[in-house]
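Asks: Read in order, the letters of the sequence shown correspond to residues 1383 to 1677 in the working numbering.
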Amino acid sequence: MSGRLAGEAGNRASLEAALEKVTVGSVEITALLDAPFLQNPKVIAPEHSEEMAEEFRDTLDERGLAMGAVTCYLVQSGGQLILVDTGIGPRKRPGFPSGRLDEALREAGVRPDEIDAVVHTHLHIDHVGWNTFEAAEGRSELFFPNATFVIQQAEWDYWMTPEMLAEPRNVALRECVEPLRHSGRLRFTTGEDSFGERLVFISAPGHTPGHVAVGIADGSERAIIVGDASHHPVHVTHPDWVTPLDWDPAMAGSSRDRLFNLAADEHRLVLAGHWRHPGWGYIVRLNGKRTFRAL
Ligand SMILES: [Zn+2]
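1) On the criterion of 16 or more Cβ atoms from any shown chain inside 10 Å, does alanine 1517 qualify as buried, or is it exposed?
2) My assumption, with CB atoms under 8 Å, is that proline 1476 sits in contact with phenylalanine 1515. Please give the rounded CB distance.
3) Can you tell me the Cα-Cα spacing of alanine 1490 and leucine 1483, whole angstroms?
4) Which ranges does the alpha helix (DSSP H) cover as unbroken runs of at least 4 residues, wholly within the region 1416 to 1480, from first to last along the chain?
5) Would you call the CB atoms of histidine 1593 and alanine 1611 closer than 8 Å?
6) With H, G and I counted as helix, E and B as strand and the rest as coil, what does DSSP make of aspartate 1575?
7) Do the region 1578 to 1594 and the region 1530 to 1539 touch if we need at least three Cβ pairs shorter than 8 Å?
8) Once DSSP output is grouped into helix, strand and coil, what is the label at leucine 1397?
9) For arginine 1658, which residues from the same chain have a beta carbon less than 7 Å from its beta carbon, with the 5 sequence-adjacent residues on both sides left out?
10) Quick check for students: name the residue ranges of the beta strand (DSSP E) that lie wholly in the region 1521 to 1605, counting only runs of 3 or more.
11) May I have the straight-line CA-CA distance separating isoleucine 1470 from cysteine 1454, to the nearest angstrom?
12) Under 6 Å Cβ to Cβ from lysine 1671, same chain only, skipping five residues before and after it: list those, please.
13) Might you give, ordered along the chain, the residues of its own chain that have their beta carbon closer than 7 Å to the beta carbon of glutamate 1433, omitting 5 neighbours on each side?
14) Alpha carbon to alpha carbon, how far is histidine 1504 from leucine 1414? Give it in angstroms, no decimals.
15) Would you mind sorting alanine 1395 into buried or exposed? The rule is 16 or more other CB atoms within 10 Å of its CB.
16) For alanine 1413, which of helix, strand or coil comes out of DSSP?
17) In the DSSP assignment, find the unbroken alpha helix (DSSP H) run with valine 1634 in it and report its ends.
18) Return the residue from the list Ile1426, Arg1567, His1502 that minimises the CA-CA distance to valine 1582.
19) Helix, strand or coil for threonine 1619 per DSSP?
20) Do arginine 1521 and valine 1409 count as a contact pair if the criterion is CB distance below 8 Å?
21) Listed in chain order, which residues are found with a beta carbon closer than 6 Å to a heavy atom of ligand 1?
22) With DSSP as the reference, label leucine 1387 as helix, strand or coil.
23) Assuming valine 1559 contacts methionine 1542 (C-beta within less than 8 Å), just tell me the rounded distance between them.
This is the structure in structure tokens:
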């Protein structure tokens, strides 16, 4: 990809930091914070937690914890409002903070009924939470009543079996994904399908079987929303520092290695919803090593 080497003039997304917005060509992306949360190196990279603590000392607090986030990205493209992932949601979830995506949307001046599409990178509990809310008599109703919900077929097929739905720990699937089944608002996609004129899914399995990244391109500008291919920028330099959070850690490692090479080669803005909010920046190569540079 020699035509799009890092540092090429005119291929840098512009930034409106105060509004937590970036633009990629004509596409506007807003980072919406559902919840901040703290990450423990012993969970992110259990076999390398001491090296991580040393290498990323400046980013850890006095307890040795890193600031992470559950950030959802609102993508405005060609008159369409597309929300990538829907956070933890309004319900109490053990071990998770409460989601406040509803407030973040309000601050951004967007009503839930204006969202045209919800795109899921995968179907974990902290990515589907605001799909529904508990209405009268305990019924789950769609929080985004006019949205089409776009889900990878492989991801749906893995999670939405009777056995998986019956598992007590999969309550979020029952409350936030199952109600989509007969809603008439589901759209399945596979592999590297495009979505609209400027978005494309990029297969990145490993965290879950059907996990995808979302590529954005307009003119010479490019971005990539990596989903949970990475939980911390440590993975940019060390993609093989695996976490038990991943369904197949080795596969997740090779997927993120491929995504980060793509981002570095094409000078793509990287957006990572679990990195410190807003989770965006560029990947540069220094002395043969990839490094993340936050915007
Ligand atoms: Zn996640």
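Ideal Cβ positions, reconstructed from N, Cα and C, are used throughout, including at glycine. Here the structure is a predicted model, which is why all the values come from computation and not from measurement.
Replies: The short version:
1) Here the question's residue 1517 lines up with position 135 in the sequence shown. For alanine 1517, the number of other beta carbons within 10 angstroms of its own is below 16, and it is reported as exposed.
2) Indexing the sequence shown from 1 puts residue 1476 at position 94. Indexing the sequence shown from 1 puts residue 1515 at position 133. No, proline 1476 and phenylalanine 1515 are not in contact; Cβ-Cβ is about 19 Å, not under 8 Å.
3) On the sequence shown, residue 1490 is found 108 positions in, with the first residue counted as 1. On the sequence shown, residue 1483 is found 101 positions in, with the first residue counted as 1. Rounded to whole angstroms, alanine 1490 to leucine 1483 spans 10 Å at the Cα level.
4) Taking only runs of at least 4 residues, the alpha helix (DSSP H) segments lying wholly in the region 1416 to 1480 are 1423 to 1426, 1431 to 1437.
5) Locating residue 1593 in the sequence shown gives position 211, counting from the first residue. Locating residue 1611 in the sequence shown gives position 229, counting from the first residue. Contact flag set, yes.
6) Along the sequence shown, read from residue 1 onward, the residue named residue 1575 stands at position 193. Looking at aspartate 1575 - three-state DSSP - the assignment turns out to be coil, as it is neither helix nor strand.
7) yes
8) Reading the sequence shown from its first residue, position 15 is the one you call residue 1397. Here the model assigns leucine 1397 a pLDDT of 40, short of 50, so the residue's position is not dependable, and the following value carries that caveat. Correct three-state label for leucine 1397: strand.
9) Here the question's residue 1658 lines up with position 276 in the sequence shown. Met1449, Gly1450, Ala1451, listed in sequence order.
10) If we require 3 residues or more, the beta strand (DSSP E) runs fully inside the region 1521 to 1605 come out as 1522 to 1524, 1530 to 1534, 1568 to 1571, 1581 to 1585, 1594 to 1600.
11) Numbered from 1 along the sequence shown, position 88 holds the residue referred to as residue 1470. Numbered from 1 along the sequence shown, position 72 holds the residue referred to as residue 1454. Distance between the alpha carbons of isoleucine 1470 and cysteine 1454: 10 Å.
12) The count along the sequence shown starts at 1 and reaches residue 1671 at position 289. Once the five neighbours on either side are set aside, the close Cβ partners of lysine 1671 are Thr1619.
13) Position 51 of the sequence shown, counted from the start, is the residue given in the question as residue 1433. Cβ within range, chain order: n/a, list empty.
14) Taking the first residue of the sequence shown as 1, we reach residue 1414 at position 32. Taking the first residue of the sequence shown as 1, we reach residue 1504 at position 122. Between leucine 1414 and histidine 1504, the C-alpha separation is close to 18 Å.
15) In the sequence shown, counting from the first residue as 1, residue 1395 sits at position 13. Confidence at alanine 1395 is low in this model, with a pLDDT of 42, below 50, so the placement of that residue should be treated as unreliable; the coordinate-derived value is given next. It is buried - the Cβ of alanine 1395 has at least 16 other Cβ atoms within 10 Å.
16) In the sequence shown, the residue the question calls residue 1413 occupies position 31. Looking at alanine 1413 - three-state DSSP - the assignment turns out to be strand.
17) Within the sequence shown, numbered from 1, the residue matching residue 1634 stands at position 252. The residue asked about is misnamed: residue 1634 is alanine in this sequence, not valine. Its alpha helix (DSSP H) spans residues 1631 to 1647.
18) Walking along the sequence shown from the start, residue 1582 turns up at place 200. Closest by C-alpha distance to valine 1582, out of Ile1426, Arg1567, His1502, is His1502.
19) In the sequence shown, counting from the first residue as 1, residue 1619 sits at position 237. In this structure, threonine 1619 counts as helix in the three-state DSSP scheme.
20) Here residue 1409 corresponds to residue number 27 of the sequence shown, with the count starting at 1. Here residue 1521 corresponds to residue number 139 of the sequence shown, with the count starting at 1. In this structure, valine 1409 keeps its C-beta atom at 8 Å or more from the C-beta atom of arginine 1521.
21) Going by the Cβ distance cut-off, the answer is His1506, Asp1508, His1509, Asp1610, His1656.
22) Residue 1387 sits at position 5 when you count from the first residue of the sequence shown. Bear in mind that the predicted position of leucine 1387 carries a pLDDT of just 28, short of 50, making it unreliable; the figure below should be weighed with that in mind. Of the three classes helix, strand and coil, the one that applies to leucine 1387 here is coil, per DSSP.
23) The sequence position of residue 1559 within the sequence shown is 177, counting from 1. The sequence position of residue 1542 within the sequence shown is 160, counting from 1. That belief holds up - the Cβ atoms of valine 1559 and methionine 1542 are roughly 7 Å apart, short of 8 Å.
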